[in-house]
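Quick note: to get my numbering, add 8 to the position in the sequence shown (first position is 1). Ideal placement from N, C-alpha and C gives every residue a C-beta, glycine not left out. Structure first, then comments.
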Amino acid sequence: MAIGLMEVLLVNAKGLSDTDFLGDVDPYVVMQYKGQERKSSVAQGYQKCFQIARSAFKKKYVHTVIICAGQGGNPSWNEKFTFRVEYPGCGGQYKLVLKIMDKDTFTHDDFLGEAT
9 MAIGLMEVLL VNAKGLSDTD FLGDVDPYVV MQYKGQERKS SVAQGYQKCF QIARSAFKKK
69 YVHTVIICAG QGGNPSWNEK FTFRVEYPGC GGQYKLVLKI MDKDTFTHDD FLGEAT
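If you want it as structure tokens, here you go:
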């Protein structure tokens, strides 16, 4: 049995539905392969805008209005992940599973979808 590395490039997603009552979807991806798990960063959306708004208010820009448009349903990551692999492989445990989640601040993160 040969052992090597599998590199996964997480590029983007399109058409994700919004599960949040207020705000935009803040998606991230959980990748699982044969007992190994990797997690992407949260695609920049309202989190980035909130930081900008907070820093503006700390500087006392009282009349500043900041309108934020996050990536929402069409996020992009461009992140690389590496998994240890064995060859030959067979069966379900050798599938790469990608779960798309919506990061929530005050409740549990929401499941958006899955691909294998």
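| request: Return the CA-CA distance between leucine 18 and proline 96, expressed in angstroms with no decimal places. | output: Straight through space, the alpha carbons of proline 96 and leucine 18 are spaced by roughly 24 angstroms.
| message | So, for glycine 23: in the same chain, excluding its five sequence neighbours on each side, which residues have a beta-carbon less than 8 angstroms away from its beta-carbon? | response | Hits under 8 angstroms: Gly81, Asn82.
| field | First through last residue of the beta strand (DSSP E) which encompasses aspartate 118 | value | Per DSSP, the unbroken beta strand (DSSP E) holding aspartate 118 starts and ends at 118-123.
| said: I need the straight-line Cα distance from lysine 88 to tyrosine 36, nearest angstrom please. | reply: Annotation: lysine 88 to tyrosine 36 spans about 14 angstroms, alpha carbon to alpha carbon.
| query | How would you call isoleucine 11, buried or exposed, if buried means at least 16 neighbouring beta carbons within 10 angstroms? | reply | Exposed is the call here.
| request: May I have the straight-line CA-CA distance separating leucine 104 from serine 49, to the nearest angstrom? | output: Cα to Cα, the separation comes out at about 18 angstroms.
| lysine 47 and valine 33: beta carbons closer than 7 angstroms? | It is not a contact, given that the beta carbons lie outside the stated cut-off.
| Using the C-alpha atoms, what's the distance from threonine 90 back to valine 16? | Rounded to the nearest angstrom, the two C-alpha atoms are 6 angstroms apart.
| request: Starting from tyrosine 41, trace the beta strand (DSSP E) both ways and give me its first and last residue. | output: Run containing tyrosine 41: 35-41, per the beta strand (DSSP E) assignment.
| request: Leaving out five residues on either side along the sequence, give the residues of the same chain with a beta carbon under 7 angstroms from the beta carbon of aspartate 118. | output: Around aspartate 118, the same chain offers Thr27, Met109, Asp110, Asp112 as residues with beta carbons nearer than 7 angstroms, after the five sequence neighbours per side are excluded.
| request: Excluding the 5 residues preceding and the 5 following glutamine 40 in the sequence, name in chain order all residues of the same chain whose CB lies nearer than 7 angstroms to its CB. | output: Val105.
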